[in-house]
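Q:
Numbering (my numbering), first residue to last: 4 to 230.
1. Compute the Euclidean distance between the alpha carbons of residue 113 and residue 119, then round it to the nearest angstrom.
2. Does the separation of the CB atoms of residue 85 and residue 43 fall below 9 Å?
3. Using a Cβ-Cβ cut-off of 7 Å (strictly less than) and excluding sequence neighbours within five positions of residue 3, which residues of its own chain qualify?
4. If you follow the alpha helix (DSSP H) that residue 148 is part of, which residue opens it and which one closes it?
5. Give me the Cα-Cα distance between residue 14 and residue 78, rounded to the nearest whole angstrom.
6. Can you name, in chain order, every residue of its own chain whose Cβ lies under 6 Å from the Cβ of residue 183, other than the five neighbours on each side?
7. Pop quiz: residue 95 and residue 25 are said to be a contact at Cβ under 8 Å. What is the actual Cβ separation, rounded to whole angstroms?
8. In the structure shown, what three-state DSSP assignment does residue 38 receive?
9. Where DSSP assigns a beta bridge to residue 110, which residues make up the other side?
10. Spell out a yes or no on whether the stretch 45-52 and the stretch 137-153 are touching, meaning 3 or more CB-CB pairs, one atom from each, closer than 8 Å.
11. Between the C-alpha atoms of residue 122 and residue 11, what's the straight-line distance to the nearest angstrom?
12. Residue 48 and residue 82 look like a contact to me (Cβ under 8 Å); what is the Cβ gap, rounded to whole Å?
13. I need the DSSP call for residue 160, collapsed to helix, strand or coil.
14. Roughly how many angstroms lie between the CA atoms of residue 90 and residue 41, to the nearest whole one?
15. Sort 161, 88, 170, 206 by Cα distance to residue 178 and report the nearest one.
16. Quickly, what does DSSP pair residue 85 with across the bridge? List them, please.
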């Protein structure tokens, strides 16, 4: 599969919404190309570098060995589907997308103004321990979310599906991008849920001693500022 890639200083999980503001010319072109195709592109977290005006490379990409400094991205990301598009009078775009499934970069391609790559989807295999791990996670996740200010009606409607629950829990964790990326790359829902539960226990202990230092907030109406 040939997929346009959008590097960001964040990790997008399947099932989670992502509003974006596009202003750099190459990503306006990427959006037009996506709309002419299947309306999907890949969101990948930045390993090193900045968002705007960079020449992107994936770690280990031999085409980057040219003596120049390149920004680096992780090789595992999330395919996101474009849900709404609003064009501003000056040609910029506000879009809303939603994460669909994970992918792995196989071959970066550099023949367009924006980075794209040959990628393969990554499965989320179910395991026999899913239900037990999910039950344990729910017991920890509900008070954790309420402590972050999440409304009760949201906490009462946690996903029944273990895979959806795992991604929801990961997206709520108050951890750095590197830790979010590690969670994204875990091979199964059970592994993600177990690690999310471990982090919640750790964070809950810190909160008891130091107080709440973060909150669970959706992105603002402008979305992330992107390229």
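All residues carry an ideal CB built from backbone N, CA and C; glycine is no exception.
A: Taking the coordinates as given:
1. 7 Å
2. yes
3. Limits of the chain in this structure are 4 at one end and 230 at the other, which puts residue 3 out of reach.
4. 133-150
5. 12 Å
6. 14
7. 6 Å
8. helix
9. 121
10. no
11. 18 Å
12. The pair is not a contact, with the Cβ atoms about 14 Å apart (cut-off 8 Å).
13. coil
14. 19 Å
15. 206
16. 100
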